[in-house]
Amino acid sequence: MKHTALEDLSWAAIDFESAGTAPGETDCPVQIGIVRVDKLFSTKPQLFTSYIACEHPVRWSAAKVHGITTDMLRDAPAYASLWPQIRDLLRGAVVLGHNPATEKRFLRSFPGHGFGPWVDTLVLARQAAPDLPDHALSTVCGALGISGEITAMVSDAAHAHWHDALFDAAGSLQVLRTLVAALQMQRCTLADMAFAVSD
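As numbered in this note's numbering, residues 74 to 272 make up the sequence shown, in order.
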């Protein structure tokens with residue numbers, strides 16, 4: 074994987090939305106989105122999204138951000154039951170996220186999974202466009218003019234908004250594609266962007 078050109082690698086962008094916490098509670102995921110391509114510029118990504126059952130109610134502050142309520146999770150599957158699909162989509166891929174600390178933390182529920190390496194599109198965006206007012210995913214995508222491409226990739230109006238896990242995962246992938254193409258890095262390797270790569 075270290076010596077494979079970026080355009081020839083498999084990539085899996087992932088995003089979670091969470092329930093938020095109150096004192097003494099552990100946060101839990103309420104939605105997952107994954108977008109996988111077997112080569113960076115493949116035209117047919119594999120899309121996966123699901124709500125996730127949570128042990129405590131979705132906090133008002135979190136629902137205000139992503140729009141997911143406790144009632145929407147009533148028939149959602151348990152997180153552990155999604156493991157086979159998560160494993161199959163992330164296996165053998167470079168995992169991608171926009172500041173993916175939350176994603177790494179929630180994936181620790183499956184010890185020994187071995188996913189990675191990880192690429193952080195927040196770090197890439199800060200390097201490529203340091204003068205933006207902020208580097209939130211929506212800001213970066215707006216500056217790059219790719220929000221329409223993300224909507225087309227998701228192709229489902231129910232998921233076509235920021236802070237939907239599938240839309241945000243698609244956004245991370247499209248940021249990477251756009252920057253790699255703009256900087257003509259298709260034949261570069263992960264070593265060439267080591268500043269944004271982690272285990």
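For each residue, glycine too, the CB sits at the ideal point set by N, CA and C.
- Rounded to whole angstroms, the separation of the alpha carbons of Ser-271 and His-76 is 16 angstroms.
- Judged by DSSP secondary structure, Gly-106 falls within the beta strand (DSSP E) whose first and last residues are 102 to 110.
- Within a 10 Å sphere around the beta-carbon of Thr-194 sit 16 or more other beta-carbons, which makes this residue buried.
- Below 8 angstroms, too few C-beta pairs join the region 126 to 136 and the region 106 to 114 to call them touching: fewer than three.
- For the options Pro-184, Ala-243, Thr-251, the alpha carbon positioned closest to that of Ala-216 is the one of Thr-251.
- Across the structure, His-171 and Pro-96 are spaced so that their CA atoms are roughly 27 angstroms apart.
- Secondary structure at Ile-223: helix, using DSSP grouped into helix, strand and coil.
- Phe-179 is the residue among Phe-179, Thr-212, Gly-93, Leu-263 whose C-alpha sits nearest the C-alpha of Tyr-152.
- With a contact defined as Cβ atoms closer than 8 angstroms, Val-103 and Ala-92 qualify at about 5 angstroms.
- Rounded to whole angstroms, the gap between the alpha carbons of Gln-247 and Thr-143 is 30 angstroms.
- Straight-line measurement puts the Cα of Val-192 at about 23 angstroms from the Cα of Ala-225.
- Apart from the 5 residues on each side of it in sequence, Val-196 sits with its Cβ closer than 7 angstroms to the Cβ of Phe-268, Ala-269 in its chain, given in chain order.
- One Cα belongs to Ser-211, the other to Thr-116, and the distance between them is close to 22 angstroms.
- Where Asp-241 is concerned, the enclosing alpha helix (DSSP H) starts and stops at 238 to 255.
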